[in-house]
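Right, one structure below, let's go through it.
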């Protein structure tokens, strides 16, 4: 069982390429950095359980049903509290960028109390725990609950991955990521981060080497010796409709990278990074081969861009087909 | 110019008769108890200006554009603050009741500072000011700003109407309506309230007379001598799709009431009371005749029930046609 | 073959019960007083051919395809001229009336030249010709072409029915119906008209008898001896959503009438009269029994009110079921 | 755990009141006589598991996800076979009846082999088993598998209910219900059937007594002594939009019945009977009181008619509110 | 008159780029390999008549109306039998392939009896007959009826074209294409096939020459001397959204080919081959010039990819404009 | 205040890439060459007032509300006359061109009387007046009213820009542009026109120089000495989905031009030229720098192509970001 922990929001988007001011309806989708990972894994028939809190109202019930529908285990989800986190997404196209208006503060999840979840029970049959840097940014209690989870995970030998997601305008409750993240990251086995993140949050100075990612990653592993792998993705944004992405890993020994995947047109760019993370977890657990895992991750991410919503509904067969180099999109009858 | 003051929210509803759990899209409409009055008046070509605050984001801009489109003056609307108040509406039908999930706390309007609005300027060319009991329920600052507005209105001889709207679960910030409303109501010339409201909030004991509304209303007028008229509506709810409504007034001297209007089927029940209030204001200003004003109000309210959204888009001609007793709905070519 | 002659327009309606000002999309349907008759007959597998002109553009092509889809013969339809007649329809509901904005002037049909159609060929295998009072109202040429058609119909012994449809604001080109209609009506075998029409247009004074319809109809038959039957419908409009309709006939000898049909709720009221006319034609041709024909007509009309669009898609089986008194609407599996 | 067994189909309906010929899109909903019971129970937080087979294609996966979303246990559902059963539904309104076109033959479920399901395991923690007369009508194997289930249920003391659903045109594979149903019904504790069913299928002659239902039901109980209760509903169909329904029971001793529930307008009539059955099961298990169970059932059924789709999403609170006589549909804020 | 023979199915697709599991509605379109040819020809005002059978239910009626609307002659279409063939299409985009789930077995067409159609009458005024390899794959009777048609066509000197369409998973009734197709193909004047088809079905060994298509085609013509032309298309699939297509022909003497047409983005890829076939027929009949016919065919096919649905609604003017090299897509006012 | 003068039409488009014949709904948008300029300027918070006439019906009211919503001043708009100008737009894609069917003749605007507008009052606080060559093409009165406006503008020293828009099929009332435009253009300070326009309408012979635009423009300025700048755009149309655009100016002294902007995919091409004009006006008034104004114009135009509708809703920040060379479309959180 893979355990994911974090907020899942209701996403509301104007249809097609409408701007917010043009919209008369909004399309409902649910997504969150960590639950997106759980949904992708469940879709690939790898058991996953998401831990969060939704409000005890019909919107919270709908959020939970989204996970149930997608086969994610929801037995550790709590239905209490006041409001569901929301975000409004306007799609980008060509040279026009997409826009997000967040409305997630004071959500049921952000306002959890410390000790809200019984991590002993949650990790009972777990082999992997995934969290992200968004959760400790939401509230002081979220940061503390994250630490509680990590302590139990360590003690139960659960493998821990973290997406060191960083946007300065997320941290509004008074603490800075530099005060919070280092304590949390020391419990991790794998981190997704780029050199800028490592410098800004963990003080790992970037070096002007041929491969600065490798130098930063190896210093990170030195500093936090539980970390075994540092991974990252690179995105060349030709336009909002046309991107190229690749992935790379430093596993303490080797530097690995994938080919670029060409995505044109992009249907929905949201959740592309989470799809990579899910693919990487799936790949590491299925193949025991870092390169194949990285390839699965980037192909999963590329296909995610062709699917509406935050979550990846591409099949293992489709991803493996793309890994074999077939990007032709030929009709399957 | 009629001035209205209060929050306008984005309303998000599943289409047709879907339950929240079934919805894949939500329809966007904007509404608020007081802005609904302004929109109706503007639609009837009576100048109206709404005073509120929307966040400085695309959703706030869309809210303002809704009022602009409908001809309401928006020069006193401020675009600042964090979030737009929201509410989610599930339509009722037959014996199934509609449901509302409010998500309006911490909105840009609820978090205004005292002194946010320049009431001297706002009331410069005003002849009527309308507010409701929702505003002082939202936050202590809202209550105080309401009082500031009322003081200036009095001093400038602006006629003041209030909708003594009361739902106990609205008052969450610590004060009770009994502590706040009496001070505000003494500035009013006309109040919309039923006997229960008058007893609960103002301590006017209901009497078991033939017409308890008249006894309560006359005691209210005695207690708050600036009040000249007390009005109310009555609703017989045969089902969520079929209602009968009428209106009544005590004007300090006479008791007036309307016939019942039969509404079947109801398209959208939200804003029915606000449509009555708008109609009453329009009627009093246009006809100088309490009975005709009351009739215009109840016919405006009845027609509102046939229109999607919180606001009344029925024309004066349609309302006057209904006042003449023509409920036949015959096609106009 | 039943021949119908007249304009068919594109109808554009806001969805559901939206007002024009609320609409962001318009639903496309095609309809016209006479083509509605042809579509209903074709639906019941009685051969029908509609004669008209559409512009030679994609909208005209779409109009023709609507008739083709519904099985109406279109070989006498001409694709030439400038614009397609349009009308905008806002649905009514409860006490709110529907509204129509016509935009049909200068249409390809209104601007036909006299002699546009080869009536000798058109009536070659015809047994019935149906026209309405709308056509001579559109333009002087339309009135003249109508007369040309009637002359040939008479000479070929084609049975002629007319819907003496009268709205004063239709006649805009300078002539009055009183100048035009009497010459046309003398070629008719059956007319649909009420006493008011007969008085206004043909100068048949209404009498205050027990059955003024019979007295007016019998005087009409006296005055225009080719007329054999005068028919009419009565509509009690409880609201835009709830009507009761019945039909009546004076066949020169007997007065016949139907029961009232109760329609609640109304889905689409447009074309209700045309559905009656089509049903009457079908009934007269199929049953050779005035009462059964009248019953078929009113039941066809009632069922039309439950169907979106101007045209009647109820089946003969459904209509005959209603004629037997079954209005229960029980599911057919 | 309540176990339900039978086919669930994809239902495809034109939107609103469109006829099939008018439709350009079809709305997808899933439903089946027995799975509708499971969904309703799960919605009321009574554990329910549905046993069926869906094809191993994306449509089968979507069907399973519908049950997952609604909280029904799906661990005994098999994904194999060729096609998903379908049905096309055209909504009725006013006097126009709804129409269903079934397309369910050769479905994955209809083509199960005998022995497809491991009933020992399925009934391990079951307390109730519900099946209907549709299943043995689909194929000989379905009938045989039904018998296998019933034998195990009996042996494990699982309470058995059956909906003796009978449409002659369902039985197409060669056997008649009279040959199959008697053997199956002897395993039942509760049957839903009317006097006509009991006569046609089980040869229980209807008697012209004051209450023929009681006489037939008591003879049925005599003949099949495992049966403890016979229940039925009555529907007065004023139109496709307006029905009145009530329920009745003979429990071997007493005749019980409910008040009529008035439903106007009907949003979706499909699954009304299944909602009653689900409500009855919920009521019997929750209240241990036949009258309250019958009341819960009929109120659940009435509310179902206000909800789109085959399944009942009314809450226990809404149903109990209606049981207390509140059909007012007043908005819940 | 061009006669086409084969099944037309209802196609059901999730809107936009939704996966099946995300869909709440399905869009209805009709299509079939052979009827697509007839619709394209009718659209270009070349008379075409499609021969098939639809079930005698509202879905069958809707299918027929689709052909009527598009101007195809439907007088030889039979309305009888049980079910309409269906297929479900999920659109592909970028590197994600589209998916089709067929549900066409046991359809009214597949279950025709031998002798179902009166080919003497059908071919009375025919000059061209088009069929495809799908029909003999559906059932033994379909294969036999195909042979009956071909025998009459030969005897009446109707020109015969065949699309040697081959998917192994279509042939489910026991026969192999190698047993059936050779007998049928000997009646053909023109076949659409690639070298793989010719080898697999007709045993024409591919040769590693500079132009293996020409060698295979010329051996095919040798083996089946009635064949005068072998044609094929080539598709380079850069992604599901971006393809390049060209066409080629061996006419017994010369090898002809077209330029590549670049299609980006693809709106709907289904029916691209049928559009080529229709264009080729149109071109051969209109221009009497193999190269121009081939060019018309490939340009028709390219434009088809920009149109929703299986059928080609591009105009002759649009196709000829593209033949002249104008792919600029400049707005036509 | 910028004053714009001209017709605004209701635009009706099939959704997505449907052809007219496939459409069942039409999407409503409003647009016109000159009002598009006003909407863009108002969106950028530069005061703009549009002068026109709409019919006094609900469609005219909706048109006015569109401008109100977008912040354009509407106090000089008249609600009178018969019909609203319409146009039907079918979107193009890939090599398929978009199509427009105009239906604008006999509109309320085209039928204005000379002297309809009080230009003295309109230009009271104006600094810029923009008109186009469409207006004098609509009717003789429109041409005369245009001249009246220009005379007053000159006398009040209002800067005048004109879009010398020319389509021969627009001029239907008897006059030719060569008879009308020269008199009007002499009042202009800035004209948007290409060399072909200048030759056809004003008799400025094109020269085969290295930069024929500069030679034509400088001769134009010589001939009409009030003109200070001649501007134009160039469009390379790779397909209906992929264009490259740039702008150029001759300001009497220097030739300026912009880089090409690459637009792929195009969402909506209509109004691209008007967006350039609006951007140029905004740039000239804001930057006092011809090159920056030209850059702002072309970037505004490029972004317009990514927005549904005729009008530009891109923000100043987005346009300035693109001016800095960022076409990456990276998501804004």
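Chains as they are written, first to last, in full-length UniProt numbering: chain V, 1 to 333; chain E, 1 to 333; chain G, 1 to 333; chain D, 1 to 333; chain A, 1 to 333; chain S, 1 to 333. Beta carbons: idealized from backbone N, C-alpha and C, even for Gly.
task: Starting from the beta carbon of residue 69 of chain G, find every residue of chain A whose beta carbon is closer than 8 Å, and list them in chain order.
output: The sequence position of residue 69 of chain G within the third chain is 69, counting from 1. Those within 8 Å of residue 69 of chain G in chain A are 65, 66, 68 and 69.
- prompt: When we look at the beta-carbon of residue 63 of chain V and count the other beta-carbons within 10 Å, is it buried (16 or more) or exposed?
  reply: Here residue 63 of chain V refers to the residue found at position 63 of the first chain. It counts as buried.
First and last residue of the uninterrupted beta strand (DSSP E) at residue 103 of chain S: Counted from its first residue, the sixth chain places residue 103 of chain S at position 103. 99-103 is the span of the beta strand (DSSP E), which, as asked, contains residue 103 of chain S.
Counted within 10 angstroms of its Cβ, other Cβ atoms place residue 236 of chain V as buried (16 or more) or exposed: The count along the first chain starts at 1 and reaches residue 236 of chain V at position 236. Exposed, by the Cβ-count rule.
message: Give me, in chain order, the residues of the same chain whose beta-carbon lies closer than 6 Å to that of residue 74 of chain E; leave out the 5 immediate sequence neighbours on both sides.
response: Sequence index remark: in the second chain, residue 74 of chain E carries index 74 (1-based). Excluding sequence neighbours, residue 74 of chain E sits near 64, 67 and 68.
Buried or exposed (CB count within 10 angstroms, at least 16 for buried), residue 55 of chain D: The sequence position of residue 55 of chain D within the fourth chain is 55, counting from 1. Label assigned to residue 55 of chain D: buried.
- request: Determine the direct distance from the alpha carbon of residue 225 of chain D to that of residue 186 of chain D, and round the result to whole angstroms.
  value: Your numbering for residue 186 of chain D matches position 186 in the fourth chain. Your numbering for residue 225 of chain D matches position 225 in the fourth chain. Cα to Cα, the separation comes out at about 8 Å.
message: For residue 87 of chain A, list the residues DSSP reports as bridge partners.
response: For the purposes of this step, residue 87 of chain A is taken as the residue at position 87 of the fifth chain. According to DSSP, which records beta bridges pairwise, residue 87 of chain A is partnered with A/11 and A/102.
- request: Could you please give me the residues that DSSP links to residue 233 of chain A through a beta bridge?
  value: For the purposes of this step, residue 233 of chain A is taken as residue 233 along the fifth chain, with counting starting at 1. Residue 233 of chain A pairs with A/247.
- prompt: Looking only at its own chain, which residues have a Cβ that is under 7 Å from the Cβ of residue 290 of chain A, when we skip the five neighbours before and after it?
  reply: For this step, residue 290 of chain A is matched to residue 290 along the fifth chain. Same-chain partners within the cutoff: 249, 251 and 256.
- request: Report all residues from its chain with a CB closer than 7 Å to the CB of residue 315 of chain A; omit the five preceding and five following residues, and keep chain order.
  value: Translated into positions along the fifth chain, residue 315 of chain A becomes position 315. Excluding sequence neighbours, residue 315 of chain A sits near nothing in its chain.
task: Find the nearest neighbour of residue 260 of chain V within the set V/327, V/211, V/217 and V/277, judged by alpha-carbon distance.
output: Here residue 260 of chain V corresponds to residue number 260 of the first chain, with the count starting at 1. The shortest C-alpha separation from residue 260 of chain V is found at V/327.
query: Leaving out five residues before and five after residue 94 of chain D in sequence, what residues of the same chain have Cβ atoms less than 8 Å from its Cβ?
result: Residue mapping note: residue 94 of chain D aligns to position 94 of the fourth chain, counting from 1. These residues qualify, in order along the chain: 239, 240 and 241.
Short-range partners of chain G found in the region 235-264 of chain E, where Cβ spacing is below 7 Å: 263 and 264
message: Between which two residues does the beta strand (DSSP E) holding residue 28 of chain E run?
response: Your numbering for residue 28 of chain E matches position 28 in the second chain. Where residue 28 of chain E is concerned, the enclosing beta strand (DSSP E) stretches over 25-31.
task: Please list the partners that residue 21 of chain A has in chain V, where partner means a Cβ-to-Cβ separation under 7 Å.
output: Taking the fifth chain and counting its residues from 1, the one referred to as residue 21 of chain A is at position 21. By Cβ distance, chain V contributes 313.
task: Starting from the N-terminal side, write out each stretch of the alpha helix (DSSP H) that is 4 residues or longer and does not extend beyond the region 122-190 of chain E.
output: 135-138, 140-155 and 177-185
Beta carbon proximity, residue 97 of chain E to chain D, threshold 8 Å: Locating residue 97 of chain E in the second chain gives position 97, where the first residue counts as 1. For residue 97 of chain E, the answer is yes, since a Cβ of chain D falls inside 8 Å of its Cβ.
field: Among V/174, V/159, V/202 and V/204, the one whose alpha carbon lies nearest that of residue 190 of chain V
entry: The residue labelled residue 190 of chain V in the question sits at position 190 within the first chain. Ranking V/174, V/159, V/202 and V/204 by Cα distance to residue 190 of chain V puts V/159 first.
message: Please identify the residue among S/267, S/292 and S/288 whose C-alpha is closest to the C-alpha of residue 311 of chain S.
response: Along the sixth chain, read from residue 1 onward, the residue named residue 311 of chain S stands at position 311. Across the set S/267, S/292 and S/288, the C-alpha of S/267 shows the shortest separation from the C-alpha of residue 311 of chain S.
message: Taking a contact to mean a Cβ-Cβ separation below 8 Å, would you say residue 79 of chain G touches residue 9 of chain G in this structure?
response: The count along the third chain starts at 1 and reaches residue 79 of chain G at position 79. The count along the third chain starts at 1 and reaches residue 9 of chain G at position 9. No.
query: Which residues of chain V have a Cβ atom closer than 8 Å to the Cβ of residue 272 of chain A, listed in chain order?
result: Numbered from 1 along the fifth chain, position 272 holds the residue referred to as residue 272 of chain A. The contacting residues do not exist; residue 272 of chain A stays about 10 Å from chain V at best.
query: In chain D, which residues lie with their C-beta within 8 Å of the C-beta of residue 57 of chain A?
result: As a position in the fifth chain, residue 57 of chain A is number 57, starting the count at 1. Within chain D, the residues near residue 57 of chain A are 101.
task: Over the uninterrupted beta strand (DSSP E) stretch that includes residue 256 of chain G, give me the two end residues.
output: Numbered from its first residue, the third chain carries residue 256 of chain G at position 256. It spans 255-257 - the beta strand (DSSP E) in which residue 256 of chain G sits, taken as one unbroken run.
query: Taking Cβ to Cβ, would you say residue 213 of chain S is nearer than 8 Å to residue 91 of chain S?
result: Translated into the one-based positions of the sixth chain, residue 213 of chain S becomes position 213. Translated into the one-based positions of the sixth chain, residue 91 of chain S becomes position 91. Cβ distance not < 8 Å, so residue 213 of chain S and residue 91 of chain S don't count as in contact.
query: Counting Cβ pairs closer than 8 Å, one from the region 128-141 of chain D and one from the region 106-120 of chain D, do we hit at least three?
result: yes
- request: State the DSSP-derived secondary structure class of residue 291 of chain D, mapped to helix, strand or coil.
  value: Your numbering for residue 291 of chain D matches position 291 in the fourth chain. DSSP, read as helix, strand or coil, puts residue 291 of chain D in helix.
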